[in-house]
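Below is one structure; the comments refer to it alone.
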Amino acid sequence: MNDAKKNITVTSPLLPPLEEFMPYLQDIWERHWLTNNGHYHQELERELCEYLGVKYISVFSNGTLALITALQALRITGEVITTPYSFVATTHSLWWNGIKPVFVDVEPKTFNIDPEKIEAAITPKTTAIMPVHVYGNPCNIDKIQQIADTYGLKVIYDAAHAFGVKEGGKSVLNFGDLSILSFHATKVFSTIEGGAIVCHDEKMKQRIDYLKNFGFADEVTVVAPGINAKLNEVQSAFGLMSLKHVDAAIAKRKIISEEYRAGLAGIAGLSFISEVDNVQHNYSYFPIFIDAEKFGMERDELYSALQKDGIYGRRYFYPLISSFSTYRGLPSASVDNLPVANRAANQVICLPLHQNITDEEVDRIIKAIIKR
Ligand SMILES: *Cc1c(COP(=O)(O)O)cnc(C)c1O
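Below, the structure is given as structure tokens:
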């Protein structure tokens with residue numbers, strides 16, 4: 021097949037050489053222990069704490085169950101303030117807990133929840149804020165915490181995009197009451213399916229560990245209506261193996277992001293998020309935003325034109341969560357309440373970004389956008 025015709029996908033799983041996985045499998049077979057807080061599960065939690073620079077982590081079978089369980093762990097009820105500009109699982113986790121989502125608009129620089137608009141959305145029923153570090157760019161953590169402290173609210177970060185992200189040398193996962201990660205195959209670091217909750221004290225870690233295993237505290241004691249969200253040994257070992265490769269993958273993503281920035285600078289009607297000083301990024305996504313009037317073409321036209329060239333970007337996040345049938349009837353879901361998020365959803369394309377993209381492919385993508 022002609023190389024120039026090869027399809028380029030938005031993401032590609034981090035898959036180390038198969039030989040590297042074999043010794044792990046052999047050891048698991050010898051141990052006769054496949055799940056329930058096994059050797060590799062414990063090892064993965066230890067190594068993730070060290071890698072991420074956090075005190076306590078509890079790994080999960082996926083990020084969505086981690087979100088749902090985090091809300092249970094803090095006994096969140098009533099209304100929670102959140103962002104519509106995210107993956108659906110953020111809001112679904114509230115729904116699964118019988119919590120009413122209250123959408124607040126995002127700010128136009130990072131597309132994270134706009135802290136200036138949070139206070140107006142607080143009611144006597146508000147119990148928590150669930151922001152998202154979207155594309156791995158840190159939220160305005162200080163301002164959000166200040167509001168939470170003033171009104172006595174909990175803060176749960178959906179940090180699914182923020183694996184390894186640091187601000188001022190500190191992991192963003194150390195802020196708020198809890199942070200949630202996703203280790204899905206499409207993310208920077210993966211356990212195929214998987215996720216985690218990061219917390220700051222031993223008691224909370226204990227409670228979360230009970231909750232992810234049906235609420236069992238010991239053989240005969242069930243302390244809470246827990247769920248089954250455990251990560252098995254094979255996937256935990258996959259994570260340990262992948263962790264050895266994640267720095268190289270992030271370094272490659274950085275180079276590609278820089279090539280995009282240089283190659284796409286100065287195109288009328290095309291913008292991207294500027295890098296923030298003081299932030300150690302993971303280069304998880306490269307969103308571009310198309311202002312149709314100035315660019316001379318609608319976002320969806322560019323999206324289709326690129327696909328015809330074999331370049332498969334994704335419109336993260338379109339449609340907005342607030343426009344899905346479950347949520348669109350909520351007063352906070354109206355377009356008038358969420359102008360910045362609606363504009364971003366209508367302008368965004370995330371360009372292919374992963375460790376297997378070659379310089380030639382980056383070049384091909386940039387040229388395809390320039391020529392349209
Ligand atoms: C991927 C993702 C999730 C869900 O994680 P899963 O591991 O796929 O369940 C939640 N929130 C955001 C922002 C995500 O990108």
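With our numbering applied, the sequence shown covers 21 to 392. In this text, a Cβ means the ideal position worked out from N, Cα and C, and glycines have one as well.
N-terminal and C-terminal residue of the beta strand (DSSP E) that residue i is part of
| i | result |
| --- | --- |
| Ile167 | Taken as a continuous stretch (DSSP letters only), Ile167 belongs to no beta strand (DSSP E), being part of the alpha helix (DSSP H) at Ile161 to Tyr171. |
| Asp238 | Phe236 to Asp238 |
| Lys174 | Lys174 to Asp178 |
| Ser291 | Leu290 to Phe292 |
Candidates the options: closest to residue i by CA position
| i | options | result |
| --- | --- | --- |
| Leu114 | Ile96, Ser32, Tyr303 and Phe131 | Ile96 |
| Val299 | Ile276, Cys159 and Phe306 | Cys159 |
| Leu72 | Pro351, Phe344, Asp297 and Phe209 | Phe209 |
| Asp311 | Ser324, Phe292 and Lys328 | Phe292 |
| Asp197 | Ser191, His220 and Gln166 | His220 |
| Arg335 | Pro245, Ala388 and Tyr305 | Tyr305 |
| Asp356 | Val124, Glu50 and Asn82 | Val124 |
| Glu67 | Leu350, Ile167, Met261 and Ile287 | Met261 |
| Lys174 | Gly189, Ala93 and Asp134 | Ala93 |
| Leu350 | Val192, Pro135, Glu222 and Lys120 | Lys120 |
| Thr206 | Met42, Phe107 and Tyr280 | Phe107 |
| Ala141 | Gly333, Ala353 and Arg384 | Ala353 |
| Thr2 | Leu193, Tyr323 and Leu284 | In the structure as shown, the chain begins at 21 and stops at 392. Residue 2 is therefore absent and cannot be evaluated. |
| Asp162 | His181, Ala182, Thr143 and Asn194 | Asn194 |
| Asp178 | Tyr171, Ile133, Ile212 and Thr211 | Ile133 |
Unbroken alpha helix (DSSP H) run spanning residue i, endpoints
| i | result |
| --- | --- |
| Pro307 | From DSSP, Pro307 is part of no alpha helix (DSSP H) but of the beta strand (DSSP E) over Pro307 to Ile310. |
| Ile270 | Val266 to Gly283 |
| Phe41 | Leu38 to Arg51 |
| Leu263 | Glu253 to Leu263 |
| Met224 | Glu222 to Leu231 |
| Arg66 | His59 to Leu72 |
| His112 | Ala109 to Trp115 |
Paired residues, beta bridge with residue i - DSSP
| i | result |
| --- | --- |
| Ile88 | Bridge partners of Ile88: none, in fact. |
| Leu99 | Note that residue 99 is Glu in the sequence shown here, rather than Leu. Answer is Lys120 and Thr146, bridged to Glu99. |
| Arg384 | Paired residue(s): none; Arg384 is not in a bridge. |
| Cys370 | Pro307 and Arg334 |
| Lys216 | Rather than Lys, the amino acid found at residue 216 in this sequence is Ala. Note: Ala216 sits in a beta bridge opposite Val79 and Leu201. |
| Lys190 | Glu187 |
| Gln327 | Answer is none; Gln327 lacks a bridge partner. |
| Ile390 | DSSP, once it has assigned bridges, lists no residue as partnering Ile390. |
For residue j and residue i, the rounded distance between their alpha carbons
| i | j | result |
| --- | --- | --- |
| Asn376 | Thr31 | 9 Å |
| Glu187 | Phe80 | 25 Å |
| Asp329 | Asn27 | 8 Å |
| Cys69 | Ile77 | 6 Å |
| Ala361 | Ser342 | 10 Å |
| Leu34 | Ile270 | 11 Å |
| Gln226 | Asp297 | 36 Å |
| Pro104 | Gln165 | 20 Å |
| Ile390 | Ala282 | 13 Å |
| Ala237 | Gly156 | 35 Å |
| Lys75 | Val154 | 23 Å |
| Phe337 | Ala365 | 6 Å |
| Arg363 | Val185 | 26 Å |
| Val382 | Tyr303 | 15 Å |
| Thr55 | Ser191 | 29 Å |
| Ile167 | His265 | 39 Å |
| Thr378 | Gly214 | 28 Å |
| His301 | Glu295 | 9 Å |
| Glu39 | His52 | 21 Å |
| Met224 | Ile385 | 46 Å |
| Tyr280 | Thr84 | 31 Å |
Proximity test, Cβ basis, 7 Å: residue i and chain D
| i | result |
| --- | --- |
| Leu198 | Among the chains of the structure shown, chain D does not appear; only one protein chain is present. |
Self-check item: Stretch-stretch touch, CB-based, cutoff 8 Å, three pairs: the segment 145-164 with the segment 97-110
Solution: yes
Quiz item: Just checking, does the segment 224-236 make contact with the segment 247-267 on the three C-beta pairs under 8 Å criterion?
Solution: Cβ pair count under 8 Å is three or more, so yes.
Quiz prompt | the segment 366-382 / the segment 266-281 touching (three or more Cβ pairs under 8 Å) | solution = These segments touch.
Practice problem: Could you tell me whether the segment 312-319 touches the segment 342-352, using the rule of 3 or more Cβ pairs below 8 Å? | Solution: no
Quiz item: Are the segment 54-65 and the segment 253-260 in contact at 8 Å, needing three or more beta carbon pairs?
Solution: yes
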